Amino acid sequence: MSSAAPVPTAVDCIWCRRPFDNRSTHLTLRTRCASCGAATTDPPPTDDELAAAYGDWYRPPAERRFFFAADAILNRSRGLLASRVDQIMPPGPVLDVGAGDGTLIDALRDCGREATGLERNPTRTDLRDAALSEIDGQWAGVIFWHSLEHLPNPGEAIREAARLLLPGGIVIVAVPNNDSLQAQCFGDRWLHLDIPRHLAHLTTRSLRSGLGAAGFKVERVSYVRAGQILIGWLQGLVGLLPGKPDLYQALRREGARGVNQSVGVRMLAIVAAVVLVPVAAAASLVEILLRRSGTVYLEARLL
Ligand SMILES: [Zn+2]
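Just so you know, we're using our numbering here: the sequence shown kicks off at 1323 and counts up by one.
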């Protein structure tokens, strides 16, 4: 942490909205709430910083983001999620908040579900650029797939989901797990910290308390389903090498990268990652078994 680190300015917890006090923990670029355990990106990014952080490179067309089979794996995993969603939700339409390129929407429609996606500056005409508060109707399910942590008021988003759901409707949340072993090991360098895009840094405990307070009963917690566990370890381990190569950027195709990277550094990062796969896989297995993996997935039903 540099001596010129910005001074924290957030006054309350982004998740439970209790004011920060002398029990709060100030970390680099975030403050952890003593009440709920969630951390808030602090100081909060300005609109200009967010616009720069969500440059065109961040979300190019679906099949053009990563090298190797990563994009195919992403599509396949959305198909599995869609069939799971279809099984557990009551009849009715599904709302995907932060629909990205619409892969999950497509997979849900393939299952015969009516599905609507919300996304800022959408790349498809069938996704809506709207806030949850602007949505009406009755929904069988609301999905926050790696999106809740991007929202400026995630607790309010959960309450909006409760407003929109039919009785017995389901909310699904997948987020980085800030109580994970990889978060602990890599600290401020952890891949899934992703500041300034991630504004809320949640844990299973904070999610359970927030969902409970909004009238939900958590029915399932998974430390596998939210994915992106292995990449968290690989990124962290590769970043320990001289020059701190950025594997995540090295794996992205040209035009889908947020930083300039020489060919040499890219090759070093990728070769090192291949060599380190067994180590990262073992670490992933350990944190899954300890229920402290890099991401967490929850299903909760509206009571
Ligand atoms: Zn809190």
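Quick reminder that beta carbons are idealized off the backbone N, C-alpha and C, glycines included. Computed from a predicted model, the values in this text were never measured in an experiment.
Near LEU1372, what residues of its chain come up, given a Cβ to Cβ distance below 7 Å and the 5 sequence neighbours on each side ignored?
PRO1518
Across which residues does DSSP place GLU1621 in a beta bridge pair?
ILE1494 and ARG1542
Contact between the stretch 1329-1348 and the stretch 1469-1486 is defined here as three or more beta-carbon pairs at a separation below 8 Å; is this criterion met?
yes
Compare the beta carbon distance of ALA1605 and LEU1569 with 9 Å and say whether it is the shorter of the two.
no
Should MET1411 be labelled buried (16 or more other beta-carbon atoms within 10 Å of its own) or exposed?
buried
Closer than 8 Å: TRP1337 CB and nearest ligand 1 heavy atom
yes
By the three-class DSSP mapping on this structure, what secondary structure does SER1324 have?
Since pLDDT at SER1324 reaches only 48, below the 50 mark, its modelled position is unreliable, and the value read off the structure follows with that caveat. Coil at SER1324, not helix or strand.
Compute the minimum distance between the beta carbon of SER1528 and the heavy atoms of ligand 1, and state whether it is under 8 Å.
yes
Over what stretch of residues does the beta strand (DSSP E) that includes ARG1354 continue unbroken?
1352-1354
Could you say which of SER1399, ASP1423 and GLY1463 lies nearest to ASP1451 if we only look at CA atoms?
ASP1423
So the alpha helix (DSSP H) TRP1555 belongs to, where does it begin and stop?
1551-1560
Answer yes or no: do ILE1492 and ARG1354 have a C-beta to C-beta separation smaller than 9 Å?
no
Can you find a heavy atom of ligand 1 that lies under 8 Å from the Cβ of CYS1507?
no
Any heavy atom of ligand 1 within a distance shorter than 8 Å of the CB on SER1357?
yes
In terms of residue numbering, what span does the alpha helix (DSSP H) encompassing PHE1508 cover?
1503-1508
Helix, strand or coil at VAL1407 [DSSP, three-state]
helix
In terms of DSSP beta bridges, what is ALA1522 paired with?
THR1362
Using only alpha-carbon positions, find the residue among GLY1565, LEU1559, GLY1586 and ASN1582 that is nearest to VAL1601.
LEU1559
Reducing DSSP to helix, strand and coil, say where ILE1465 ends up.
strand
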